[in-house]
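Below: the structure, in structure tokens.
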Amino acid sequence: MSVITREDVAPVEDGQDDQARAMRLMRRRSRIRFFEFIIWPAAVAAIFLLPSKMLILTEIAILALFAVSLDLVLGFAGIVSLGHTAFFGIGAYTAGLFARHYFAEPVTGLLVAGVVSGILGFATSFLILRGSDLTRLMTTLGIALMLGEAANQMGWLTGGADGLSGFSLGPILGLFEFDLWGRNGYIYCLAVLFVTTMVARRIAFSPFGLALKAIKSNPTRAALVGVPARRRLVIAYTIAAVMAGFAGALLTQTTSFVSPDVLAFHRSADVLLILVIGGTGYLYGGIFGAIGFTLLKDWLSVVTPQYWMFWIGLLLVILVLVGRGRIARWIEYIPQRLTAAMGGKP
Amino acid sequence: MTAPLLATRKLVAGYGEAAVLAGIDLTLEEGRTLALLGRNGTGKTTLVETIAGLTTHHGGTIHLMGQDITRMRADRRVAAGIGWVPQERNIFKSLTVEENLTAIARPGVWTVDRAYSMFPRLKERRRNLGSQLSGGEQQMLAVARALMVNPRLLLLDEPLEGLAPIIVDELLAALRQIVDGEGMSAIIIEQKARKVLPLAHEAIILDRGAIVYQGSSSDLLADEKALGQHLGVEKVPARV
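So the protein lines, in turn, are chains A and B.
If you read the first sequence in the numbering used here, its first letter stands for residue 463, the second for the next number, and so on.
If you read the second sequence in the numbering used here, its first letter stands for residue 104, the second for the next number, and so on.
Here it is in structure tokens:
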């Protein structure tokens, strides 16, 4: 090995070169992938090509947004949650109450719902930082159950088990009315999904996102390269809560109704299942999973109305058995040549 | 009088309820290198992990450049000037060599280019994932990555463990350059006492969590009795 002297080493005044190099690498990782060029135009084309399917497409967009928010927590930060519906539900109720008592403009209600969910996410993030995966599962589940029961008992505010109704939403931005066929509702949900996914994408492929992945794979190692794990996890959890709140608000605004069902356990389970189907850790798993799950559910409930949940359960078991270690990373099964053409594995 | 780079006083620490270190008093001046020796299970790794902030503190203090870091979180100790190369290397295997280095780089004299100059193999392999590197290359990456946070004190936990002799020599040459050429302060844990002592200025031998030998590394290297008694190192036979 050659002996290196101080003169051999290029003198560098500060870390600006490294910063530029890091940003270049980050940009390379975050380049737009082939499937992104397909999915968004296809979603827009559906407005014109599938006018009779606006309601189910709206459902998919809302579920996708909910799943993308969970992916930020699960796929990037490594926080397992069985109570993500707490933020979905709070967002849904906030949007309903805001429209009923204050202001019926949907975008304003959406933002308020996101803020309220974010506050809840921030407050509860300190609870989920403690303990292992199992305690996190129990804590998140507990929070969702408590909120569900509170919504059920506080009939004077939430309408109790009957739900909150009797409010109507104004035109979106004062311009676009929710129409009977759900067209404007779908466009509204798609726009929110797009903007939020792009923001999440920006976060995921930033140094912050890389730090989250470092914490997920090995918290000790992350700490020893100077990553403040606690602060990063609190921020990620809060951002995800805001996004889930948006999803809940969209459901309320497109249906003009909200009931304790938005806080039910099955919603948390469904969104986890969606991520298992679509894959975690690349954001689009939530979108692909929501499409697959909703279409499958819709088809099975027509074919076997009484047993559709049986088939969903069977599919889950098969996915887990086939996927094993690569569960939630199904994209690894696609031949390398094809993924290279798609712009690399996500 | 300036404060020493590192000073521990009556340091007691371990894992949970169990205390492994039994009152360690240690002082390391800037620019000095300490060889931390001892048989397996004597508390060497626990001591560097305690300095890095990974163990349960039971008593005593740790000061870095006069600043009390005893209760400081591990990530803040990195910002305060501690770089750590763990025994298991712990590189980011899903990132390329270059990403491993740039992802955690902090402004300072150590840059990616300087790291490449120190370890030319890493430059050749800069587009390879961490998982595609050999053990020796992973170790080089772990050292280079620790340098990228621009530490004042480098902690190396058995950096030569499990490496081929040719890689050991290469890594030792680089470490010599880092501590002698660059004046970096370091604490090096190593089983191979004769390999690491020529690299260090001072040496400590631990036994059952306590210091049983403290002195200059050259004195220890010449003290066959101490090497044999505390480390089981046999006398090197004279060449015929």
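Backbone N, C-alpha and C define an ideal beta-carbon position, used for all residues, glycine too.
Every value quoted in this text rests on a predicted model; they were computed, and no experiment measured them.
Count the other C-beta atoms from every protein chain shown that fall within 10 angstroms of the C-beta of residue i, then say buried if there are 16 or more, exposed otherwise.
i	result
Leu324/B	buried
Pro503/A	exposed
Gln242/B	buried
His563/A	exposed
Ala267/B	exposed
Asp480/A	buried
Lys328/B	exposed
Ser320/B	buried
Pro301/B	exposed
Asp732/A	buried
Gly787/A	Because Gly787/A carries a pLDDT of 48, less than 50, the predicted location of this residue cannot be relied on, and the following value inherits that uncertainty. By the neighbour-count rule (16 or more Cβ atoms within 10 Å), Gly787/A is not buried but exposed.
Gly775/A	exposed
Thr111/B	buried
Arg135/B	buried
Thr658/A	buried
Thr105/B	exposed
Arg483/A	buried
Trp213/B	buried
Tyr650/A	buried
Leu783/A	exposed
Leu642/A	exposed
Since residue i meets chain B, which of its residues come closer than 7 Å, beta carbon to beta carbon?
i	result
Asp480/A	Thr205, Ala208, Thr214, Val215
Arg683/A	Asn193
Under 8 Å by Cβ, that's how I've got residue i and residue j pegged, so tell me the actual separation to the nearest angstrom.
i	j	result
Leu607/A	Gly748/A	Contact flag wrong, Cβ pair sits at about 24 Å.
Trp187/B	Ala138/B	Not confirmed; about 17 Å, so no contact.
Thr756/A	Ile518/A	6 Å
Ala566/A	Leu631/A	5 Å
Gly233/B	Ile207/B	About 13 Å; that fails the 8 Å criterion.
Val687/A	Val299/B	With a Cβ gap of about 24 Å, Val687/A and Val299/B do not count as contacting.
His813/A	Ser730/A	Only positions 463 to 808 of chain A appear in the structure, and residue 813/A is not among them; the question remains open.
Gly583/A	Thr716/A	23 Å between Cβ atoms; not a contact.
Tyr648/A	Thr520/A	5 Å
Ala711/A	Val530/A	15 Å between Cβ atoms; not a contact.
Leu157/B	Ala182/B	Between Ala182/B and Leu157/B the Cβ distance is about 16 Å, and since that is not below 8 Å, they are no contact.
Ala703/A	Gly580/A	5 Å
Given that residue i touches chain A, what residues does it touch there, using C-beta distances under 8 Å?
i	result
Val252/B	Val687, Gly688
Arg248/B	Val687
What does residue i reach in chain B if we use C-beta pairs closer than 8 Å?
i	result
Asn680/A	Asn193
Ala691/A	Asp178
For a contact defined as C-beta to C-beta under 9 Å, what are the partners of residue i on chain B?
i	result
Arg489/A	The premise fails here: Arg489/A is roughly 12 Å from chain B at the closest Cβ pair, so nothing lies under 9 Å.
If the cut is a Cβ gap below 7 Å, which residues of chain A does residue i touch?
i	result
Glu202/B	Leu487
Given 8 Å, three or more beta-carbon pairs between the segment 725-733 of chain A and the segment 586-597 of chain A: no
Residues within the segment 155-170 of chain B neighbouring chain A, beta-carbon criterion of under 9 Å: Ala155, Gly156, Leu157
Validate contact between the segment 288-305 of chain B and the segment 257-264 of chain B using beta carbons, cut 8 Å, 3 pairs: yes
Cβ contact (3+ pairs, closer than 8 Å) linking the segment 157-177 of chain B and the segment 214-221 of chain B: no
The segment 166-196 of chain B: positions lying closer than 8 Å to chain A by Cβ: For the segment 166-196 of chain B, which is checked against every Cβ of chain A, the residues closer than 8 Å are Arg176, Ala177, Asp178, Arg179, Val181, Ala182, Trp187, Pro189, Asn193, Phe195.
The segment 182-199 of chain B in contact with the segment 226-235 of chain B per 3-pair CB rule at 8 Å: yes
Segment contact, 8 Å Cβ cut-off, at least three pairs: the segment 502-521 of chain A with the segment 693-707 of chain A: The segment 502-521 of chain A vs the segment 693-707 of chain A: no contact.
Validate contact between the segment 707-726 of chain A and the segment 609-621 of chain A using beta carbons, cut 8 Å, 3 pairs: yes
Within 9 Å of chain B by C-beta, residues of the segment 653-678 of chain A in sequence order: Pro669, Leu672, Ala673, Lys675, Ala676
Contact between the segment 665-673 of chain A and the segment 142-161 of chain B (3+ Cβ pairs under 8 Å): no
Any 3 or more C-beta pairs closer than 8 Å across the segment 116-132 of chain B and the segment 267-284 of chain B: With contact defined as three or more Cβ pairs closer than 8 Å, the segment 116-132 of chain B and the segment 267-284 of chain B are not in contact.
Residues in the segment 697-714 of chain A having any Cβ partner in chain B nearer than 7 Å: none
Chain B contacts made by the segment 483-515 of chain A, where a contact means CB separation under 7 Å: Taking 7 Å as the Cβ-Cβ cut-off against chain B, the residues of the segment 483-515 of chain A that qualify are Arg483, Ala484, Leu487.
Three-pair Cβ contact test at 8 Å for the segment 556-575 of chain A versus the segment 697-712 of chain A: Counting C-beta pairs closer than 8 Å gives three or more between the segment 556-575 of chain A and the segment 697-712 of chain A, which meets the contact rule.
Validate contact between the segment 520-534 of chain A and the segment 239-254 of chain B using beta carbons, cut 8 Å, 3 pairs: Counting Cβ pairs under 8 Å, fewer than three are found: no touch.
The segment 616-634 of chain A / the segment 540-558 of chain A touching (three or more Cβ pairs under 8 Å): yes
contact_flag[the segment 534-546 of chain A, the segment 674-689 of chain A] where n(CB pairs < 8 Å) is 3 or more: yes
At least 3 beta-carbon pairs within less than 8 Å: the segment 299-318 of chain B vs the segment 122-141 of chain B: yes
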